[in-house]
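Reading through the structure tokens given below for one structure.
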Amino acid sequence: MENLQLGNNVDINVETSYQAKQSDPESKRFVFSYRITITNHNETPVQLLNRHWLITDGNQHIQEVNGEGVVGEQPVIKPQDSYTYTSGAVLATSVGSMQGHYEMSTEDGETFKAPIQAFTLAQPNAIH
């Protein structure tokens with residue numbers, strides 16, 4: 001698990017997992033899940049409005065993903081509370097990475113970007 005420190009007193013933790021049963025390496029289909037926990041260390045609630053991802057495979061092919069919220073939600077995270085969700089990515093290679101940011105807002109309507117540092121997606125034994 002990687003602890004990715006963020007600005008605005010928001011922490012993001014990422015855990016990744018290779019999904020062998022959903023993957024088909026012969027067809028260049030490698031499926032990964034990632035579990036993200038967002039913790040609000042502010043004294044007021046924050047809301048996750050939008051997500052922005054850059055997903056890079058081992059061939060340096062970059063897929064850009066933008067959208068409202070995460071997994072169909074725009075969660076409000078109370079002070080000292082966390083929000084966890086699981087999602088996934090499909091790559092054409094056994095190794096890749098993801099990075100990006102969440103657009104978040106405070107109770108008084110101030111928006112800020114919570115950057116998500118790059119993390120690795122890798123099939124077991126793909127990195128030596």
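Residue numbers for the sequence shown follow UniProt numbering, beginning at 1 and rising by one.
C-beta atoms are modelled at their ideal positions from N, C-alpha and C, and glycine is treated no differently.
All values derive from a computational prediction rather than experimental measurement.
- In this chain, S94 is not harboured by any beta strand (DSSP E), its DSSP state being neither H nor E.
- Put simply, of A118, T84 and T111 the residue whose alpha carbon is nearest the alpha carbon of Q47 is T111.
- Residue range T111 to A122 is occupied by the beta strand (DSSP E) that includes T111.
- W53 has its alpha-carbon roughly 17 Å from the corresponding atom of A92.
- In this structure V10 is buried. Its beta-carbon is surrounded by 16 or more other beta-carbon atoms within 10 angstroms.
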